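Student: First the structure, then my questions, so here it is.
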Amino acid sequence: MAIIDSGIDPEHQDMHLDSSARDKAKIKTVNPAPEAHFNEKVPAGYNYADENYVVKDATKDQHGMHVAGIVAANGSLDGETAEQAWAKGRLDGVAPNAQLLAMKVFSNSGGGARDADIIAAIEDSAKLGADVLNLSLGSPNGLNDTSDGTYRALAKARQAGAIVDIAAGNAGLSFSSDESTSDLLGVLDDAALGSPSSNADAFTIASIENTTVTQPQAYRVIDGSEQGMLYSLQSGTADGQDHPLVDVGLGRPENYTAGQDLAGAYALVERGEITFADKLANAVEHGAGGVLVFNNAAGGDELLSMAGIDSYTVAGGSIPRSKALELRQALEQNKDVSIRLTTEVLVSDNDKALTPSSFTSWGPTPSLDFKPQLAGIGGEVYSTLNDNRYGTKSGTSMATPNVSGMASLMVEEYAQRFPSLSATERAELIRVALMNTAQIPTDAQSVPYSPRQVGAGLAQVDKAMATSVYATVEDQPDKAAVALRQIDGARSFTVTLTNRSDKDVRYTVPAQQVVGESNEAGAQTTTHVSSESLVADASEVTVPAGGSATLSFTLTPDTSSTHYIEGWARLVSVTEGAPDLSVPYLGLVGDWNAEAIVRAPGDPLPASYDPNASATGLVATWSGMTVPLSSELGTFAVSPNGEGDMDVVAPSLVLMRNASDAEYEVVDSSGQVLKVIGQEQGLRRSTGSEVSVADGSSAYVATSQTFDGTVWDPASAEFVRVPDGQYTFRVRTRLSADTAWQTTEMPFTIDATAPVLTFGTLQDGRLTITVTETGSGLMDVPTVTGPDGKDLTVTSTGENTFVVEVPQGTPYLTASVVDRGFNLAVATTILAPDTDLVIPDAETLSSSVIVSASPLVSGGQLHLQAFVSSTVDHLTVAGQEVEVADGRANAFVPLTEGRQEIEVVAYAADGTVLQTLTVPVTYDSQAPVLTVTGQLDDDGALALAQDGTVTVTGSVSDERGDAALSVTVAGQKVEVGPDGSFSVTFTPDEKLVTVPVVASDGANTASTSLPIAGRSGQTEAAFTPPTFNGSCQANLSACFVSAADSGATATSYTLTGSMGDASVIRLTPATRVSEDGSVINPEPIQARNNGDGTFSLDLPTQPGINQFRLEVLDSTGAVVPGYDHAFFLYLDVTMPTLSFATPTLYDGVLYTKDSPVTFAGSAEDDGWGYQLKINDSAVIDVYNGSGTGPESNKREFSRDVTVADGDILLIVAGDSMGNTLAGG
C-alpha cells in the first residue's frame, strides 16, 4: 500500500510485520538507503519533495505517519490480540500486516505538495506494484480535468489494477465560513469536493465520526477542585502546569480591554466570526500563554480542527463546548479557575458517533458526477505519530486510510477468491462491494444523510467480504452508483445483480426513501424524506448461482422546484449470510446551468459573507493600486496612452461556481467582436472559509486577460489603438464541456484624450476657466495654484466652466484637471502685466548649488520649466528651440561642472523677441576629496592613546574654490582650516568600534570609517551562495529554460553561473522507479569549476519538468544549510506545432474570393501550453501546470476570419516558455 503523504517513521514500534507474514510479503527486498531506515514493513519509498531518502516527516504535523498507522499499524506482537496491544499503549491498524510504501510528497522544510511530486509518487507506486494508493491530500473545489497530469497518472494507476483512495476534503459546504454544513448563501451548487479527489478515477472518501474520542486529558480546576476532560492540542506543548484561565469571548480585538495583558494566562475563546489563526494572534498579542477554543452551539462538544495555527509555539487547543461553558460560568461567578494540559490519554464516548463529520466536503463535481463514493471513520481517530508516539486527528485524511486498509484486506481475499480475474477486474469488484454494502448513515429520526455528503455510506469490510452478489448499473462511471445528472421528469435505471457464488441469493425490495435537502441561506443544510418516489419493477428478486438478474427502478421527481434528488436503491437480503445491498443515486431536478457561474456585475456579496463585499467588475491600475472602474467613488475610464496608469483593463470576477473553461473578448458599441483576448481553464471559486479571513476575497482578477486598447489592423499591418468610445468586456464561462456557455458583459469607456483648459480674462480678481472634455467626464473641479503652490478657490459656474478667486498681484497661476480616465491636463497663464516669460525655479537655481541627485537633474541634464503668455509662440533655451503648449515649455539643458548661465528667449509667431531671461546655475556632481592622516597604525587603524583618546587628522578639498567645506568626526563637527586641514582629539565610547569621518562641500559628501585599534566588531563573513545564469530563482530551486537560452536542447542543458563561496555544486537526477519495478539511483553530476569563479554543469533533460537534488558544499566539504533541496529545471525549447487543414496557402499567400475564410486545423506543444492567435485574437489558449505534451494540450480549432484584398494576416503561436512561431 502506497502512502502518498508527508512521510512515515519506519522505526516506529508499530511499524513491523508479524513473523508469519514475512514470507508472504509482496516486496521481499528492502531498499538499503541508510537515511530512510526501511524495513520489511516499510520496504521502500522516497522523499519526492526534497529529492532524498529522508522519508520521516520532520515537521510537527506528522500527518503521513498518522495515516500510515490507521492503515497498517501493527502494535500487537506475534500471538497478541489488538486488545492486548492497546493495553500496552500500542495499536493495530485496519490491515496490520500490509506493507507500506513511504511516498513522501511534502517537504521537510514545510509548504504544500507539488503536482509534479504527486504525479511521480503515483507513477512509482504503480510500478512498485502497490495494490492500494492512499492520497490524504488535496485542495477544495476541484474539477474533473482530463488534461491534468495528475488525472492521467491516476487513470494509469487504476488501469494497472490499483485502488486509488483519495480524501474528499475538509471544507464542508463551499459557502460555509467555518468548513461545516452551514449554508450562508443558499446556493444549490455548494459542493466543496477537493482535487484530485474530483477526478473520475479517484475513489473519493468522505468522513464519518468515530464512536469514541481518544484524546489527551486536561484538568479543569475550579476553586481547588479538579475534574478531567479531553482536549485536542494543535500547537505548542502540554506542560502539565496549572494556568489561570481568562474568558475573551470570540477572541476578537474588541473582546479585549485596551492594554489588557493576560500575563501568561490561557485564553478561553469561542468559535466564530474570525479565523482560528486570528483568535490565536489576538490572544498572543495580549500576552496569552495558551489558547483554548471551543465549538459554537451548532458544533456542540465536537473538538475543532484548527487550520493555520501550526506556526504558533503557545499551547493552542480545543476543548468540549459543555466543559467550556462550565468554565465560563465559574469565571462569571468570580471563582478561581485554572487549566492543566497533560499527556495522559482519556477515552470517552463521541456524542456525534457514526454521523457525518461536519467538515467532510460535499459533492458532486461541477459536471454532476457522483462524488464522494464512500465514507470511512475520519472524525476523532487515534493513530501513530513519530518516535513511538500517538495522537488523535480528524479529517477525511483519516477516513481515507480507514477505507484503504479495508481495500487492502479485500485485495488479499479476492486474489484467493477470484484468481482468474485480472488485478484491474478485482480492484473494480472491490470498489463495488464496498459501496454496495456500506452502512447508510441516518440521523436521530432515521432520516438518511445526503449521498452528496457520505457517498454510498460508511464502509463495512465484513459485509463487503461477505457479499457474493454485486449490484451495478451499466453506462455509469462508477458501476455501483448512479449519476442521474440533470433530470426534468421520471427517470429509470436498471440494476444488474451478479452472483459470483454457487448458491442462489434472494432479496426483497423494501419501500424506498427519496432524500431531499434544505437549501436555506444562513442555516444548516439538513436532509428530509421527500414525497418523491423511487419504485422497483418487482418486489423481490432471486439471483441464481453463477448468474445474474436485473431490477428496474423508476424515480419520479417533483418538478415544481429546482433541487437535488438523491438516495439509495435498497435491497434487503433474505438469504442467510448475504448482506443487504444498495446503490446510491444523485441528480438535480431542474436546470443545472441556471445558477450563475459569475455573480452579476454590480451585485456585491453580502459583507456578512465576504468582508470586502466583492463584486464582479472591471479593474485597472493607477499608481500601483488596483482600481475598480465602477465603485462608490464613481465610474472611471480606461486610458491606453502608454503613460502607465489606467492603460489596461482586466476582469475581476466573483466566481459563484467552478468553471471548466472561460473565454474573454472585447466588443465594440455595434456588437462586433474586436478581439478575443484569451481563454482559461479550471477556474476555482473560493470557499467561504477562504473568503471570511481578514484579507480574503471572492474576487478572481484575470490578470492574464487584459485589454490594452490595441487591435491588429490587417490593412496597415500594424497594431492600432481603438478610438475613444464605449466598449464591452465579455466573459464566457461554462461548467463543463457538455454544458452551455454563460455570458457576463461589463461595459467600459476608453478615453485616452486629456481635457483642454482655456483661460478667460482676469476681471475684478476673478479668472474664468473653461474645460473642454468630450470623453469620460471630469473627476473634479480644476485645481489652481499660484507661485506659492497653495490652492486657490475654484467655483463651478456651469457645465465644465469655473471661476477662480485670484489674489491681487499674482504673477501667474497653474491649473490642472483630471478626467475619469486619469488623463491630466495642466496649463499655466501669466497674469503679471508686461510679462511674457517666467522661470518658476529661477531663484532656487541661482541661489543654491545643484547636485546630480536634485529632482531637477536627470542624466546630467537640467529640467528647466518656463511659463509663457498667450502671445509667446516658442522659446529658445541655451540656443535650442523649445515648443510651447498650454502656456508651458519644458527644456532639458546639458550641465557642466561649475557655474554657467542659461539664456531663455521668448518669441512671437513672427519671430519678434518678446522677452529674454538669463538663469545662472552652479552645478557640482563631484564629492570633495577627503584624506585622513596621522596617528594611524600599520593596519590603518586609529591608535588609542594611554588616556583612551584618539586623534583624527586630515584634510578636505574640492574642485569648487568657493565651496563651504565642513567635516564631522563621530558625529561631531570639527573646525576646518583655510587650507582644508582639520584635527580633533576625543575619547571614543567604549562600544565604538569604528570612527566615521564625513566631509561636505555644501552639495556632496565623502566619507570613510576608521577602525579603532584593538576593537573588533567584525562578524564571520556570511556564505555567498552560488548564482545560476538564465531565468532562475534566487534560492536556486528552479530554472526556466527555453529556446532563447544558450546551451539548451531537448535532451541536454548546460547550466552555468558563479560559484560564490561554494567548493562543490552537485545536482543528482531524481530517483525514480523503472517500468520493471527496479529503483534507479542516478549518479550525482558535479559542476566544473572554470577557474575564474564560474562553473558549468551538463544536465540530461527532457521536455517538461526535470527534477534533481541540489547540494552546495562549502570549503570544508560540508553541505551548506538551506542548500540541500529539490531543484526543478522547467525545459521547453520547441515551438508549438501548428497544422492547418484549411485554407491552402501558396508561398505564404492566401488566394480567395470569399470572406470570411475558415482557418481550421490542430495545434499542440511539448510543454505546458500555448496560445494561438490570428490577427491578435486568441483561437486556442491552453495551459496546464501539471500536464505537458499533446496528451494535455492538443486541440482542434476552427475560426472564421474576415479578409480583404492586400490584408496582412498575423498568425502567432507561442508557448508558455516564450517559444514563438509567427508569420504574417
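Count along the sequence shown from 1, then add 3; that gives the number in the numbering used here.
We put the CB at the ideal spot given by N, CA and C, even for glycine.
This structure is a prediction, so every number in the text was calculated from the model and none was measured.
#1: Pick out the complete beta strand (DSSP E) segments inside the segment 473–551, 3 residues or longer, and give them in chain order.
#2: Short of 7 Å in beta carbon distance, which residues of its chain neighbour serine 928, apart from the five on each side in sequence? Order them along the chain.
#3: Quick one: what's got a C-beta closer than 6 Å to alanine 665's C-beta in the same chain, skipping five residues either side?
#4: Does the separation of the CB atoms of leucine 621 and proline 654 fall below 8 Å?
#5: So, is serine 611 buried or exposed, given that buried needs 16 or more other C-beta atoms within 10 angstroms?
#6: Anyone know if the C-beta pair for leucine 157 and valine 167 falls short of 8 Å?
#7: Is DSSP giving alanine 426 helix, strand or coil here?
#8: Measuring CB to CB, does phenylalanine 1026 end up less than 8 Å from aspartate 992?
#9: Have a look at Leu233, Gln516, Val651, Ser449 and flag the residue whose alpha-carbon is nearest the alpha-carbon of leucine 349.
#10: Of the choices Glu886, Ser183, Pro858, whose alpha-carbon is the least far from that of phenylalanine 870?
#11: DSSP three-state label for methionine 106, please.
#12: Could you check what DSSP says for glutamine 1174 in three-state terms: helix, strand or coil?
#13: Got a sec? Which residues, its chain only, sit under 7 Å from glycine 550 by beta carbon, not counting five neighbours each side?
#14: What three-state label does DSSP hand valine 841 in the structure shown?
#15: Which residue wins for smallest C-alpha separation from serine 198, given the options Gly152, Pro1159, Gln237?
#16: Do three or more CB pairs link the segment 177–187 to the segment 1210–1219 at distances below 8 Å?
#17: Checking the sheet assignment: what are the DSSP bridge partners for isoleucine 833?
#18: Just the C-alpha distance for serine 1012 and valine 807, rounded to the nearest angstrom, thanks.
#19: Would the beta-carbon of valine 694 fall within 8 Å of that of aspartate 613?
#20: For glycine 1188, which residues of its own chain have a beta-carbon under 8 Å away from its beta-carbon, when the five flanking residues on both sides are left out?
#21: Using beta-carbon positions only, say whether isoleucine 169 and glycine 141 come within less than 8 Å of one another.
#22: Closer than 8 Å by C-beta to valine 774: which residues in its own chain qualify, once you throw out the five before and the five after it? Chain order, please.
#23: Exposed or buried, what is valine 922 when buried is set at 16 or more other beta-carbons lying within 10 Å of its beta-carbon?
#24: Just to confirm the assignment, what range does the beta strand (DSSP E) spanning glutamate 273 have?
#25: Between the alpha carbons of proline 931 and threonine 971, how many angstroms are there, rounded?
#26: Look up tryptophan 365 in the DSSP assignment and say whether it is helix, strand or coil.
#27: Give me the residue from Thr1137, Lys1156, Met1138 with the minimum Cα distance to proline 1146.
#28: So the candidates are Ala1016, Leu898, Ser1003, Gln918; which of them puts its Cα closest to the Cα of glycine 951?
#29: According to DSSP, is arginine 343 helix, strand or coil?
#30: In chain order, what residues of the same chain lie with their CB nearer than 6 Å to the CB of asparagine 50, ignoring the 5 residues before and after it?
#31: Measuring straight from C-alpha to C-alpha, what distance separates isoleucine 1068 and methionine 4?
#32: As an exercise, report each continuous alpha helix (DSSP H) stretch of at least 4 residues that is fully enclosed by the segment 628–697, in chain order.
#33: What are the start and end residues of the alpha helix (DSSP H) that includes alanine 332?
#34: Once DSSP output is grouped into helix, strand and coil, what is the label at proline 1072?
#35: So, for alanine 1046: in the same chain, excluding its five sequence neighbours on each side, which residues have a beta-carbon less than 6 Å away from its beta-carbon?
#36: Mind checking arginine 823: buried by the 16 CB within 10 Å criterion, or exposed?
Tutor: Result, derived from the coordinates:
#1: List check, beta strand (DSSP E) in window: 485–490, 494–502, 508–511, 517–520, 530–532, 536–539, 543–546.
#2: Position 925 of the sequence shown holds residue 928. Same-chain partners within the cutoff: Val854, Ser855, Glu900.
#3: By 1-based counting over the sequence shown, the position of residue 665 is 662. Contacts found: Glu683, Leu686, Thr736.
#4: By 1-based counting over the sequence shown, the position of residue 621 is 618. By 1-based counting over the sequence shown, the position of residue 654 is 651. Going by C-beta atoms, leucine 621 is nearer than 8 Å to proline 654.
#5: In the sequence shown, counting from the first residue as 1, residue 611 sits at position 608. Serine 611 should be labelled exposed.
#6: Taking the sequence shown and counting its residues from 1, one reaches residue 157 at position 154. Taking the sequence shown and counting its residues from 1, one reaches residue 167 at position 164. Their beta carbons are under 8 Å apart, which means leucine 157 touches valine 167 by this criterion.
#7: One-based indexing of the sequence shown puts residue 426 at position 423. Alanine 426 falls in the helix class under three-state DSSP.
#8: As a working mapping, residue 1026 is identified with position 1023 in the sequence shown. As a working mapping, residue 992 is identified with position 989 in the sequence shown. No, Cβ-Cβ distance for phenylalanine 1026 and aspartate 992 is not below 8 Å.
#9: Residue 349 sits at position 346 when you count from the first residue of the sequence shown. Checking every option, the nearest Cα to that of leucine 349 belongs to Leu233.
#10: Indexing the sequence shown from 1 puts residue 870 at position 867. The shortest C-alpha separation from phenylalanine 870 is found at Glu886.
#11: Reading the sequence shown from its first residue, position 103 is the one you call residue 106. DSSP places methionine 106 in strand when its eight states are reduced to three.
#12: Indexing the sequence shown from 1 puts residue 1174 at position 1171. It is a strand residue.
#13: What you label residue 550 is simply residue 547 of the sequence shown in a count that begins at 1. Contacts found: Asn502.
#14: Counting from one through the sequence shown, the residue named residue 841 turns up at place 838. DSSP places valine 841 in strand when its eight states are reduced to three.
#15: As a working note, residue 198 is residue 195 in the sequence shown. Comparing C-alpha distances from serine 198 to each of Gly152, Pro1159, Gln237 shows the shortest one belongs to Gly152.
#16: no
#17: The residue you call residue 833 lines up with position 830 of the sequence shown. Answer is Tyr815, bridged to isoleucine 833.
#18: Within the sequence shown, numbered from 1, the residue matching residue 1012 stands at position 1009. Within the sequence shown, numbered from 1, the residue matching residue 807 stands at position 804. Distance between the alpha carbons of serine 1012 and valine 807: 56 Å.
#19: Residue 694 sits at position 691 when you count from the first residue of the sequence shown. Residue 613 sits at position 610 when you count from the first residue of the sequence shown. Contact flag set, yes.
#20: Counted from its first residue, the sequence shown places residue 1188 at position 1185. Once the five neighbours on either side are set aside, the close Cβ partners of glycine 1188 are Asp118, Trp1171.
#21: The sequence position of residue 169 within the sequence shown is 166, counting from 1. The sequence position of residue 141 within the sequence shown is 138, counting from 1. Against a cut-off of 8 Å, the Cβ pair of glycine 141 and isoleucine 169 comes out as a contact.
#22: Sequence index remark: in the sequence shown, residue 774 carries index 771 (1-based). Around valine 774: Pro758, Val759, Leu760, Thr761, Leu781, Pro785, Asn803, Thr804, Phe805, Val820, Ala828.
#23: Position 919 of the sequence shown, counted from the first residue, corresponds to residue 922. With 16 or more other Cβ atoms within 10 Å, it is buried.
#24: Start at 1 with the first residue of the sequence shown, and residue 273 comes out as number 270. Looking at the DSSP string, the run of the beta strand (DSSP E) that includes glutamate 273 is 269–273.
#25: Taking the sequence shown and counting its residues from 1, one reaches residue 931 at position 928. Taking the sequence shown and counting its residues from 1, one reaches residue 971 at position 968. When rounded, the distance between both Cα atoms is 13 Å.
#26: The residue labelled residue 365 in the question sits at position 362 within the sequence shown. The answer is coil: DSSP assigns tryptophan 365 none of H, G, I, E or B.
#27: Here residue 1146 is taken as the residue at index 1143 of the sequence shown, counted from 1. For proline 1146, the nearest C-alpha among the options comes from Lys1156.
#28: The sequence position of residue 951 within the sequence shown is 948, counting from 1. The residue with the shortest Cα to Cα distance from glycine 951 is Ala1016.
#29: Start at 1 with the first residue of the sequence shown, and residue 343 comes out as number 340. Looking at arginine 343 - three-state DSSP - the assignment turns out to be strand.
#30: Locating residue 50 in the sequence shown gives position 47, counting from the first residue. Within the same chain, asparagine 50 has close Cβ partners Val57, Val58, Lys107.
#31: Along the sequence shown, read from residue 1 onward, the residue named residue 1068 stands at position 1065. Along the sequence shown, read from residue 1 onward, the residue named residue 4 stands at position 1. In a straight line, the C-alpha of isoleucine 1068 is about 36 Å away from that of methionine 4.
#32: 691–694
#33: Start at 1 with the first residue of the sequence shown, and residue 332 comes out as number 329. What sits at residue 332 in the sequence shown is glutamine, not alanine. That run of the alpha helix (DSSP H) goes 324–335.
#34: Locating residue 1072 in the sequence shown gives position 1069, counting from the first residue. Proline 1072: strand per DSSP, three-state reduction.
#35: As a working note, residue 1046 is residue 1043 in the sequence shown. Once the five neighbours on either side are set aside, the close Cβ partners of alanine 1046 are Val1136, Asn1222.
#36: Reading the sequence shown from its first residue, position 820 is the one you call residue 823. Flag for arginine 823 reads buried.
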